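As structure tokens, the structure follows; a few thoughts come after it.
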Amino acid sequence: MGGHHNHSSGNLKTAFFLNLSFTIIEIIGGLWTNSIAILSDAVHDLGDSMSLGLAWYFDRLSHKGPNPQNTYGYRRYALLGGLITSIVLIMGLAFILWHAVSRLLSPEAVNAPGMMALAVVGIVFNGIAVLRVRKGSSLTEKVVSWHLLEDTLGWAAVLIGAGVMTIWDVPIIDPILSIGISLFILWNVIRNLRQFFHVFLQTSPEGFDMESFERDISLLPGVNSVHHCHSWSLDGEKHVLSAHLVMKQSVSREEVVAVKERVREMLDTEKFVHLTLDVELEGETCITGEVPHGSPPDLLS
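Structure follows, in structure tokens:
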């Protein structure tokens, strides 16, 4: 755990300083070249810098152990950096789109050779950052990796567009590029937001089939039925599961223990870090007040 923590924090730290340094260069270069496409990407990169800074901080915080107030630990804090930055990016992109549409109606001349030079620098900076974080396993690292990859592709588009404008006087390409890059980024930001909301709304972990899991448990020796199955993710990477097992009256303690061990084996132990199983014997009243499956309805009367 410590090695993974140091690796992810180191990746985010390096990417943060690379991105922040280039953002400053980009703002200056966008004003110098009079390019709305570069300024739009500068706003995006500023958001990425915030994201990386917050992600770096919250990643370090997320590895603190549990306490009486945070009984699951701080893993969910790792999501806050990406969530906050996604919202900031949407606001910034809306602002840039408004200016780009205005520039589309009234195109202005740009410094195409300067744009090409900045594009090359942008590809190098963002390319290095992508290579640093692309192998990360956390949801935050994956989201950051996508943002940085989008930056690299955006700069490739700026390089091509600037190359065209050095040959032909078509300044309208600049706002068109800005709108295209902004819409592409906006689409991916919204897509990433969906993943964060799935975690915060405690939906079942991605790829986990709850119905199939309940069916498999019900087939275990001595198990009559299963109910109150709940599963959610702490941070998109580590998950929690709880369930109530209704077992036959005749089962022994050894059989109960064997069933618990079998359920544990059915789960990916790398992903499911918390498992709670409540065992009820056939005919017992469920402690939650729910009538156990297969029991007569008058148990609670």
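Under our numbering, think of the first position of the sequence shown as 100, with each following residue one higher.
We treat Cβ as the ideally placed atom computed from N, Cα and C, and that holds for glycine.
Please read all numbers here as calculations on a predicted model, not as lab measurements.
Following the DSSP letters along the chain, one finds His338 inside the beta strand (DSSP E) bounded by residues 338-346. DSSP places Asn166 outside any beta strand (DSSP E), giving it a letter other than H or E.
Taking a 10 Å sphere around the C-beta of Lys337, we find 16 or more other C-beta atoms and assign the residue as buried. Rounded to whole angstroms, Trp197 and Tyr173 show a C-alpha spacing of 39 Å. If the five residues before and after Ile227 are omitted, its C-beta is found closer than 8 Å to the C-beta atoms of Leu117, all from its own chain and listed in chain order. Setting aside the 5 residues that flank it on each side, Gly191 is surrounded in the same chain by Val142, His143, Leu145, Gly146, each with a C-beta closer than 8 Å to its C-beta; the list follows chain order. Residue state for Trp331 is assigned as strand, using DSSP reduced to three classes. Taking the Cα of Ala256 as reference, the smallest distance to any Cα among Gly221, Tyr176, Ser244, Arg290 is reached at Gly221. Under the three-state reduction of DSSP, Asp377 is assigned to strand.
Straight through space, the alpha carbons of Leu203 and Ile275 are spaced by roughly 7 Å. The C-beta separation of Leu182 from Phe295 comes to about 5 Å, placing the pair in contact by the 8 Å criterion.
Residue environment: Arg314 is assigned as exposed (fewer than 16 neighbouring CB atoms within 10 Å of its CB, all protein chains considered). Going by DSSP, Ser311 is part of the alpha helix (DSSP H) stretching over 309-317.
Of all C-beta pairs linking the stretch 157-177 to the stretch 262-276, fewer than three are shorter than 8 Å, placing the two stretches out of contact.
The Cβ atoms of Arg363 and Leu380 do not sit closer than 8 Å to each other. The beta-carbon separation of Leu258 and Val200, rounded to 23 Å, does not stay under the 8 Å limit for a contact. Burial of Asp250 is indicated by the presence of at least 16 other C-beta atoms within 10 angstroms of its C-beta. His329 and Asn110 have their alpha carbons spaced roughly 34 Å apart. DSSP, reduced to helix, strand and coil, places Asn323 within a strand of the structure shown. Here Ile137 is not near Leu188, since their CB atoms are 8 Å or more apart.
By the beta-carbon neighbour count (other beta carbons within 10 angstroms, threshold 16), Val356 is exposed.
When DSSP states are grouped into helix, strand and coil, Val269 belongs to the coil group. Annotated three-state conformation of Val358 is helix, per DSSP.
Across the structure, Leu366 and Glu360 are spaced so that their CA atoms are roughly 10 Å apart.
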